[in-house]
Amino acid sequence: MVDDVFDEVGLKVEDLHASYGAVEVLRGLDFEVAAKGVSVILGANGAGKTTTLRAICNMCNTSGKVTLGDDDITRTGTAEIVRKGVAHVPQGRGTFPELSVLDNLMIGAYTRKDKEVKDDVDRWFEIFPRLSERSDQLAGSLSGGEQQMLAVARALMCRPRLLLLDEPSLGLAPLIIEDLFERFTTLNKETGLTMLVVEQNANLALDMADYGYVIESGEITLSGSAEKLKNDPAVQEAYLGA
Amino acid sequence: MAVATPETRLQSRVLATVTVSFAMDYVLLLQRIFDALFNSAIYSSLALALVIIFRSTGLLNFAQGEMATFTAYIAFVLLSGPQPRLTGGGLAGLIPGVPFSIPLAIIGAVVCGMAAGAATERALIRPLGGASDLALVNITIGLLLATNSLMAQWWGTGPRFFPSIFPTGAGQHFVILGARLRYSTVGVWAILLSVLVLLVLLLRHTRAGLAFRAVSISPSNAELVGVRVGPTLMYGWALASGFGALAACLSANSVLLEPSMMLRVLVYAFAAATLGGLDSPKGALVGGLIIGLSQTLIPAYVPFIGFELSVLPALLAMVVILLIRPAGLYGTKRIERV
Numbered sequence: 002m003v004d005d006v007f008d009e010v011g012l013k014v015e016d017l018h019a020s021y022g023a024v025e026v027l028r029g030l031d032f033e034v035a036a037k038g039v040s041v042i043l044g045a046n047g048a049g050k051t052t053t054l055r056a057i058c059n060m061c062n063t064s065g066k067v068t069l070g071d072d073d074i075t076r077t078g079t080a081e082i083v084r085k086g087v088a089h090v091p092q093g094r095g096t097f098p099e100l101s102v103l104d105n106l107m108i109g110a111y112t113r114k115d116k117e118v119k120d121d122v123d124r125w126f127e128i129f130p131r132l133s134e135r136s137d138q139l140a141g142s143l144s145g146g147e148q149q150m151l152a153v154a155r156a157l158m159c160r161p162r163l164l165l166l167d168e169p170s171l172g173l174a175p176l177i178i179e180d181l182f183e184r185f186t187t188l189n190k191e192t193g194l195t196m197l198v199v200e201q202n203a204n205l206a207l208d209m210a211d212y213g214y215v216i217e218s219g220e221i222t223l224s225g226s227a228e229k230l231k232n233d234p235a236v237q238e239a240y241l242g243a
Numbered sequence: 047m048a049v050a051t052p053e054t055r056l057q058s059r060v061l062a063t064v065t066v067s068f069a070m071d072y073v074l075l076l077q078r079i080f081d082a083l084f085n086s087a088i089y090s091s092l093a094l095a096l097v098i099i100f101r102s103t104g105l106l107n108f109a110q111g112e113m114a115t116f117t118a119y120i121a122f123v124l125l126s127g128p129q130p131r132l133t134g135g136g137l138a139g140l141i142p143g144v145p146f147s148i149p150l151a152i153i154g155a156v157v158c159g160m161a162a163g164a165a166t167e168r169a170l171i172r173p174l175g176g177a178s179d180l181a182l183v184n185i186t187i188g189l190l191l192a193t194n195s196l197m198a199q200w201w202g203t204g205p206r207f208f209p210s211i212f213p214t215g216a217g218q219h220f221v222i223l224g225a226r227l228r229y230s231t232v233g234v235w236a237i238l239l240s241v242l243v244l245l246v247l248l249l250r251h252t253r254a255g256l257a258f259r260a261v262s263i264s265p266s267n268a269e270l271v272g273v274r275v276g277p278t279l280m281y282g283w284a285l286a287s288g289f290g291a292l293a294a295c296l297s298a299n300s301v302l303l304e305p306s307m308m309l310r311v312l313v314y315a316f317a318a319a320t321l322g323g324l325d326s327p328k329g330a331l332v333g334g335l336i337i338g339l340s341q342t343l344i345p346a347y348v349p350f351i352g353f354e355l356s357v358l359p360a361l362l363a364m365v366v367i368l369l370i371r372p373a374g375l376y377g378t379k380r381i382e383r384v
């Protein structure tokens, strides 16, 4: 169990275990994400980063406890968790390659019943003009960077409380990654959206985040403010190439 | 000036005969095409049912034909009047016969078929979500056998007359270039195409349609935007079974209603769906046309293939097309990044 380190907790994970068949990938994680804050989970390939996000959304066999705000979502189905305001940009981006860009945004708003969906589409087209130009094209025909923009816009179409990002930098050119992370920061500052980012690119992730965790072989080995992690010798050696 | 010798007279007579026989062949060809069109529409409908389920659930539903036949029996019961002539045995006796007009009975059968399709997904497919595709296919084969036996138990195996929704008597046809195009052929195509247009509108312009397309592409990603995958698949099974019910009710008049009447049709529909590309509704339509036409035309023009072997050329055509285009004519080629 962790002490409550934040004034207001957006997401609280206690003793989270997850396994694929006989292989246990997560061995009892405890961590929190501050409401309106950005937290990052750092880790090498195979450490269990992706599984952590999947476990939060109940997409694999889990035990433990996951609380969203005051809501226990441990046994809630994936689609219901999305309806409660958790948007997840999974590895591989989670877009629908055989649907048009516009349809991808519309399906992102599937859980909404209000009349402002069209306004939100226009807003995202304004923020990402490239998507607007390609509105009728199939999402599969977009470049990697454009697809990641679409994935983020699609996730935000449901007006989430919590955004889960699974290695948003994967497979993108450095300039595009920088632009993308700048947008995440702006988004967090302007809307107060709570974010949990899983990354290998520790430099960028720690610049954006205010709190961080390091995960190794399914266990959290280190945690602290982003500042503290950046100056930690072990983190510097393992993830910052210092 | 040529003198008409006996020889040239003979030549011109032969020429005339050949010309006449060609002219007759032309009308006959058109006639054969018109005749084949009816079956083509039926194959296309059932192929569409297979495609809808394959696209969404990734599963070939071998029970599609028997489920469709069952709905034709339901239409039959609905049509049988207050004193059911056909109660057969068992539970069927409990179904009250109501004097329904044919279109109403078919609509009733389609609605029952859709409910049965949805129930099948909910009761037999969804609980086994973790099982392999092969296991699920085996379940549908089991369902085929079970439904077939159930129908034999309730209504007997003997063929029964099923009325046609279209006028089918002598003279109920258009004459186009000397060939007869039956009203029933025009009718069955009109119904197939209008239902298909409805389906496309549903998929393209409704929220449920968008969700259905998303689930077809990736169930796990669909779940991540809040789409409930189970109910969406159920909706797909209902749509598919509706198409199957239409196919059975529209063809029961020409093949006679009996428990195994859709078994052959199912084989052709499988061929049509595979030929067109298993995930393409357009492919199902075109595939049904190709199978229907080649089934009639090839035995007619290739003497050593009798009508008993009519399925052979269609299947050969399928093999050849699949060798050239493994995904079928309109199927989606899935590119996987490794």
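If you read the sequences in order, they're chains A and B.
The numbering of the first sequence is my numbering, which starts it at 2 and goes up by one.
The numbering of the second sequence is my numbering, which starts it at 47 and goes up by one.
For every residue, glycine included, the Cβ atom is placed at its ideal position computed from N, Cα and C.
Since we're looking at a predicted model, the values are computed, not measured.
My output table needs one value for residue i: the three-state DSSP class, helix, strand or coil.
i: B/Y72; result: helix
i: B/L309; result: helix
i: A/M196; result: strand
i: A/E25; result: strand
i: A/S101; result: strand
i: A/E191; result: helix
i: B/F146; result: coil
i: B/I222; result: strand
i: B/G136; result: Unreliable positioning characterises B/G136 in this predicted model, as indicated by a pLDDT of 48, which lies under 50. The coordinate reading is nonetheless provided below. Correct three-state label for B/G136: helix.
i: B/P130; result: The pLDDT assigned to B/P130 is 49, lower than 50, so where the model puts this residue is not dependable; a value taken from the coordinates is nonetheless given after this. Coil at B/P130, not helix or strand.
i: B/A373; result: coil
i: B/G215; result: coil
i: A/M2; result: With a pLDDT of only 40 at A/M2, under the threshold of 50, the placement of this residue in the model should not be trusted, and no figure is reported.
i: B/I367; result: helix
i: A/S170; result: coil
What distance in whole Å lies between the Cβ atoms of residue j and residue i, which are believed to be in contact at a cut-off of 8 Å?
i: B/M197; j: B/G163; result: Between B/G163 and B/M197 the Cβ distance is about 16 Å, and since that is not below 8 Å, they are no contact.
i: A/R155; j: A/G86; result: With 8 Å as the limit, A/R155 and A/G86 do not qualify as a contact, their Cβ atoms being about 15 Å apart.
i: A/V122; j: A/D167; result: Going by Cβ atoms, the distance from A/V122 to A/D167 rounds to 24 Å, so no, they are not a contact pair.
i: A/G65; j: A/L17; result: 4 Å
Once you ignore the five residues that flank residue i on each side, which residues in its own chain have a CB closer than 7 Å to its CB?
i: B/L358; result: I351
i: B/L312; result: L92, Q110 and G111
i: B/I407; result: A question about residue 407 of chain B goes unanswered here, because the residues of chain B that appear run from 47 up to 384.
i: B/P372; result: none
If you follow the alpha helix (DSSP H) that residue i is in, where does it begin and where does it stop?
i: A/E81; result: T79 to R84
i: B/S195; result: D179 to W201
i: B/Y119; result: Q110 to L125
i: A/K50; result: K50 to I57
i: A/D208; result: A203 to M209
i: A/T112; result: It is not in any alpha helix (DSSP H) - A/T112 carries neither H nor E in the DSSP assignment.
i: B/N267; result: P265 to E269
i: B/K328; result: P327 to Y347
i: B/I237; result: Y229 to H251
i: A/L132; result: P130 to E134
i: A/A235; result: P234 to Y240
For residue i, return the contacting residues in chain A, with the cut-off set at a CB-CB distance below 9 Å.
i: B/T378; result: E99
i: B/G175; result: None at all; the shortest Cβ gap to chain A is about 13 Å.
Taking C-beta pairs closer than 9 Å, name the residues in chain B that residue i reaches, listed in chain order.
i: A/Y111; result: R253, L256, A257, A260, A268, V271, G272 and V273
i: A/P91; result: S266, N267 and L270
i: A/M107; result: R253 and L256
Please work out which residues of its chain come closer than 6 Å, Cβ to Cβ, to residue i, disregarding the five sequence neighbours upstream and downstream, and give them in chain order.
i: A/Y240; result: L43 and A203
i: B/G322; result: G329, A330, V332, G333, G374, L375 and Y376
i: B/S297; result: I88
i: B/A291; result: A114, T117, A155, V156 and G159
i: B/T103; result: L279
Considering residue i, what are the terminal residues of the beta strand (DSSP E) in which it resides?
i: B/V273; result: Segment: none, B/V273 is in no beta strand (DSSP E) and carries neither H nor E.
i: A/A152; result: Looking at the DSSP string, A/A152 is not in any beta strand (DSSP E); the run it does join, the alpha helix (DSSP H), is G145 to L157.
i: A/E220; result: E220 to S226
i: A/A174; result: Taken as a continuous stretch (DSSP letters only), A/A174 belongs to no beta strand (DSSP E), as it is neither H nor E.
i: A/A36; result: It is not in any beta strand (DSSP E) - A/A36 carries neither H nor E in the DSSP assignment.
i: A/S64; result: N62 to L69
i: A/E217; result: Y212 to E217
i: A/A140; result: Run containing A/A140: none; DSSP gives neither H nor E here.
Report the neighbours of residue i on chain A: residues whose CB is nearer than 7 Å to its CB, in chain order.
i: B/S264; result: F97
Could you tell me which chain B residues have their CB closer than 7 Å to the CB of residue i, listed as they occur along the chain?
i: A/D104; result: L256
i: A/C61; result: Neighbours of A/C61 on chain B: none; closest Cβ ~11 Å, over 7 Å.
i: A/M196; result: Simply none; closest approach about 16 Å.
Going along chain B in order, which residues have a C-beta closer than 8 Å to the C-beta of residue i?
i: A/A80; result: E269, G272, V273, R274 and V275
i: A/V83; result: E269, L270, V271 and G272
Once the 5 residues before and after residue i are set aside, which same chain residues still bring their CB inside 8 Å of it?
i: B/V246; result: P327
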